[in-house]
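Working notes, beginning with the structure itself.
Number of protein chains: 2
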Amino acid sequence: MADLTDPQALAWASYQRMRVRLSGVLGRELAAATGLSEADFDVLVAVNERPDESVRSLALRCGLEWEKSRLSHQLRRMEQRGLITREACEEDSRGSAVRLTARGRELACEARKHYDAAVKRYVMDTLTPEQVTALAEISATLLDRIEVTHK
Amino acid sequence: MADLTDPQALAWASYQRMRVRLSGVLGRELAAATGLSEADFDVLVAVNERPDESVRSLALRCGLEWEKSRLSHQLRRMEQRGLITREACEEDSRGSAVRLTARGRELACEARKHYDAAVKRYVMDTLTPEQVTALAEISATLLDRIEVTHK
DNA sequence: CCAGATTAGTTGATGCATCAACCTTGACGT
DNA sequence: ACGTCAAGGTTGATGCATCAACTAATCTGG
Chain C
53 MADLTDPQAL AWASYQRMRV RLSGVLGREL AAATGLSEAD FDVLVAVNER
103 PDESVRSLAL RCGLEWEKSR LSHQLRRMEQ RGLITREACE EDSRGSAVRL
153 TARGRELACE ARKHYDAAVK RYVMDTLTPE QVTALAEISA TLLDRIEVTH
203 K
Chain R
53 MADLTDPQAL AWASYQRMRV RLSGVLGREL AAATGLSEAD FDVLVAVNER
103 PDESVRSLAL RCGLEWEKSR LSHQLRRMEQ RGLITREACE EDSRGSAVRL
153 TARGRELACE ARKHYDAAVK RYVMDTLTPE QVTALAEISA TLLDRIEVTH
203 K
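Chains C and R, in that order, are what the protein sequence lines are. If you read the first sequence in this note's numbering, its first letter stands for residue 53, the second for the next number, and so on. If you read the second sequence in this note's numbering, its first letter stands for residue 53, the second for the next number, and so on.
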C-alpha cells in the first residue's frame, strides 16, 4: 500500500505525456487530411465495416462501447454535416438505423488510409517488433485488470 | 509504405481500448473521491508542487504544456468553485499569478493520494516490473519520434 | 390482456478542449 | 523616444463527453 516508487512515477509520467501527445498528433493529422474528428472517424469506420447497408444504433453503440447519449449527439452532428442519414428501424420501432451517405463512405476510406499510415509512421515504424508485442500484452493485461473490478 | 499487419492492427486496437478504459476508471475514481476532474487535478498538483506561494500562469502553462486559452478557461472555472484565486503579477503586468485556496490545497493532497493509489492498483501492481520498464521505454521512444517531426 | 419494468433513443445542461479574435503591455530596432 | 512587433491573457464560439430527465416502444409475469 506504499506510494509509487520513483521509477514508477517516471514511467507513469512518460506514459501520460506520450498518450496525450500521440492522440494529439494523430487527431490533428486526421483533421487536416479529412476534416474529421476521431469521433467522426470511429463512427464512419464502424458503420462502413458492416456488410449491411445500414446499422442499428444499438449495434454501433455496442461496437464502439459508447454511451447512448454520446452516440445520439454524435450522429445528430454527423447527420447535419451530411455524413450519415438516419431512418426508422424495422425490427424495433424504438430503434434507428444509420446509413452512410456517398460522402460519408468516401471519407471513411480516405480517413482510414491516412490514419493507418499515421499509426504506422508514428508507432509501428518507431518501435521494435518486440516493443509492439510488449505494448499489446501490457494493454491486454491492463484491460483484464480493469474488467475484473468493473464487471 | 504497406498497410498495418494484423498483429500491428490488433496491438493498436488493444492499446486504444486500454487507453480509453484506463483514463475512464481513473477519472471516475478521482471524481468520486474528490469531486475533481483530471484537469482540475493537474492544475492543483502543478501549483501545489511549487515552493512559492503563487505561480505565474505562464509557468503553469509551460509545465502543463497547455494552450493559454485552455488554462485561462480552466482557471476561471476553478476560481468560481473556490479552488484558486488569481491576482496581478508583479514582474509583468500582463501576467497573472495563481494561488491555491485552503480548500484547493487540501484537495490537492487528498486527490494526489487517491490518484497515486489508483495508478498503483490498476497499473503498477498489475504489470511486472519488466513491463513497467518496457512501457516507460516505449513511451519515451514514441515521444522522441513525435518531437522530432513536430517542432 | 394488462400493469409494471426495461430498453432504445432523444434532449438539455455542464464541463472540457481548441480555434480565432482581441486587448494590453513589454521588447526592440532605428 | 517611437513605431512596430511579439507575448501574456481573456473571451466567444464550436465540438466533444457525460449526466440526468424524458418519451415511446417492447417485454414479462400474472
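Just so it is clear, CB atoms sit at the ideal spot from N, CA and C, and this is done for glycine as well.
Secondary structure of C/Arg138, DSSP reduced to three states: For C/Arg138, the secondary structure class from DSSP, reduced to helix, strand or coil, is strand.
Per-residue DSSP class, three states only, for C/Ser121: helix
R/Ala163 at chain C interface by Cβ criterion, 8 Å: no
Check whether R/Ile151 and R/Thr137 have beta carbons under 8 Å apart: At residue 151 of chain R the sequence reads Arg, which differs from the Ile that was named. Yes. Within cutoff.
Three-state class that DSSP yields for C/Ser89 in the structure shown: coil
Three-state secondary structure (DSSP) of R/Leu216: Outside the displayed span of chain R (53 to 203) sits residue 216 of chain R, for which this structure offers no information.
Reference C/Glu162, options C/Thr86, C/Glu143, C/Pro103 and C/Asp92, closest by Cα: C/Thr86
Between the CA atoms of C/Ser89 and C/Ala169 - distance to the nearest angstrom: 16 Å
Contact with chain C by R/Ile198, beta-carbon distance below 8 Å: yes
Below-8 Å beta-carbon distance, R/Ile136 vs any chain C residue: no
Cβ-Cβ distance between C/Leu135 and C/Arg108 below 8 Å: no
Three-state secondary structure assigned by DSSP to C/Arg133: coil
Assumed close pair C/Ala188, R/Leu62 - CB separation to whole angstroms, cut-off 8 Å: Rounded to the nearest angstrom, the Cβ distance from C/Ala188 to R/Leu62 is 7 Å, consistent with a contact under 8 Å.
Selected residue, minimal CA-CA separation from R/Ala91, among R/Ala65, R/Tyr67 and R/Ala160: R/Ala160
Neighbour-count burial assignment, R/Ala186, 16 or more Cβ in a 10 Å radius: buried
Distance, R/Leu56 Cα to R/Leu112 Cα: 39 Å
Pick from C/Leu110, C/Val95, C/Arg133 and C/Thr201 that is closest to C/Asp144, judged by C-alpha positions: C/Leu110
Identity of the residue in R/Val175, R/Lys165, R/Val95 and R/His202 nearest R/Arg128 by Cα: When only C-alpha atoms are compared, the closest one is R/Val95.
Rounded straight-line distance, which links the Cα of R/Glu182 to that of R/Ala140: 48 Å
Nearest-angstrom Cα separation, counted from C/Leu82 out to R/Ser75: The alpha-carbon atoms of R/Ser75 and C/Leu82 are separated by roughly 22 Å.
Cross-chain neighbours of R/Met176 in chain C, by beta carbon under 7 Å: Leu56 and Gln60
Interface flag, R/Met70 vs chain C, CB-CB below 8 Å: yes
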